[in-house]
Amino acid sequence: MEIEDNKELLELNLDLLLELLGNQTRRLILSKLAKVPHSTSELHKALGISRQAVHSQLKILQEYNLIEKIDLESRGGKYRIKSNLSMHIDISPDFYNINYNITNLEPTSEAMILKDAQDSSKYKKIENPNEKIKFLGKKIMNLEENISEIEQKRQELLQKKECFIIQLKDIMENQYKKKLTVKQEERLNNLEEEIFYTLFFNLERYHNRIDLDYLLEDMFFSDIEDINRATHKTSIDYLLKDLSRVMDFLRKEGNKWFFDI
59 MEIEDNKELL ELNLDLLLEL LGNQTRRLIL SKLAKVPHST SELHKALGIS
109 RQAVHSQLKI LQEYNLIEKI DLESRGGKYR IKSNLSMHID ISPDFYNINY
159 NITNLEPTSE AMILKDAQDS SKYKKIENPN EKIKFLGKKI MNLEENISEI
209 EQKRQELLQK KECFIIQLKD IMENQYKKKL TVKQEERLNN LEEEIFYTLF
259 FNLERYHNRI DLDYLLEDMF FSDIEDINRA THKTSIDYLL KDLSRVMDFL
309 RKEGNKWFFD I
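Per my numbering, the sequence shown starts with residue 59, numbered consecutively.
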């Protein structure tokens with residue numbers, strides 16, 4: 059199978075990913091390509107929109123390496139999904155987090171092969187196509203049940219995490235806030251508290267050393283101009299110093315901040 063080599067790929071970040079998936083036409087295209095490779099003409103007929111509109115959306119998805127063009131020898135070729143994309147969005151009154159993961163896989167890669175030795179052995183012994191489909195269907199249903207259980211457990215863990223964060227907010231409000239030396243008007247609209255909660259929203263990322271660039275990214279200062287970015291970075295460093303004055307688990311050595319939790 060011939061695959062088009064697209065060398066000019068664009069880097070995908072969270073904002074771009076949300077913008078890509080926020081378009082209904084692109085979601086419909088991805089939904090169809092997840093089932094069967096389609097050509098531009100086939101998508102045009104299935105979606106009821108112009109070829110030009112379909113082509114422009116396919117080009118965008120291809121530029122960000124989410125899809126690729128195959129069967130180049132046939133007229134027009136067809137498109138299929140190239141990347142495994144997973145995203146979790148968690149928003150509540152006391153917690154905010156968005157995680158995504160993108161993995162590019164070739165169809166012949168090890169990750170696409172039936173790995174379970176017992177399942178693989180049983181499957182190879184089945185000769186009737188209908189029985190093979192039944193076998194695979196049962197395995198898929200079992201996996202869906204397992205995924206559902208994991209998602210339910212994940213929701214329970216997130217609720218527990220939120221309970222702990224609520225307690226953190228209570229301690230900050232009643233124990234620490236009045237001890238902070240930075241005046242309210244100098245805190246840049248509660249930025250000091252935002253820094254504190256951002257650290258606890260993603261402890262795995264900030265445990266031990268605090269990377270100020272990551273902190274800027276999580277607080278949505280990553281895409282601003284260099285001068286403003288540097289100003290915010292200085293402000294965050296200044297406010298971390300104030301927090302560290304009353305919190306012994308925050309400390310600075312040289313130019314590096316450490317979070318000893």
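By construction, the Cβ of each residue, glycine as well, lies at the ideal position given by its N, Cα and C atoms.
Because the structure is a prediction, the values reported are computed rather than measured.
Does the beta-carbon of residue i have 16 or more other beta-carbons within 10 angstroms, so that it is buried, or is it exposed?
i	result
D276	buried
F317	buried
L124	buried
E203	exposed
E207	exposed
E311	exposed
E262	exposed
L301	buried
I205	exposed
Would you say residue i reaches chain B, if we count a Cβ-Cβ gap shorter than 8 Å as a contact?
i	result
I223	Going by chain labels, chain B is absent from the structure shown, which holds only one protein chain.
Less than 8 Å between the C-beta atoms of residue i and residue j, yes or no?
i	j	result
L216	D148	yes
W315	I253	no
I139	A104	no
V304	L201	no
K136	S97	yes
T112	H102	It is Val, not Thr, that sits at residue 112 in the sequence shown. Yes, the Cβ-Cβ distance between V112 and H102 is below 8 Å.
L78	Y122	yes
I223	F258	yes
T256	L274	no
Measuring CA to CA, which of the options is closest to residue i?
i	options	result
N162	Q120, K237, L76 and W315	Q120
L116	R84, S141 and N142	R84
Q213	I319, F307, H146 and L261	H146
L143	L274, N286, L76 and D271	L76
C221	Y264, S150 and L78	S150
H265	I319, K90, S89 and K180	I319
Between which two residues does the beta strand (DSSP E) harbouring residue i extend?
i	result
F316	K314 to F317
K310	L308 to E311
H146	S141 to S150
K127	I125 to I128
Tell me which residue opens and which closes the alpha helix (DSSP H) that residue i is part of.
i	result
R85	Q82 to L91
Y122	That residue, Y122, is in no alpha helix (DSSP H); it is neither H nor E in DSSP.
F193	P187 to I229
N286	D284 to V304
Report yes if the C-beta of residue i is less than 7 Å from at least one heavy atom of the ligand FAD; otherwise report no.
i	result
Y255	Judged by which ligands are present, the structure shown has none, so any question about the ligand FAD falls away.
Tell me, please, whether the segment 278-298 touches the segment 188-205 by the rule of three or more beta-carbon pairs shorter than 8 Å.
Not touching, per the Cβ criterion.
Meets three-Cβ-pair contact criterion under 8 Å: the segment 295-306 and the segment 249-260
Yes: the two stretches touch, three or more of their Cβ pairs being nearer than 8 Å.
Would the segment 70-81 count as touching the segment 149-164 if we require 3 or more Cβ pairs under 8 Å?
Enough Cβ pairs lie closer than 8 Å, so yes.
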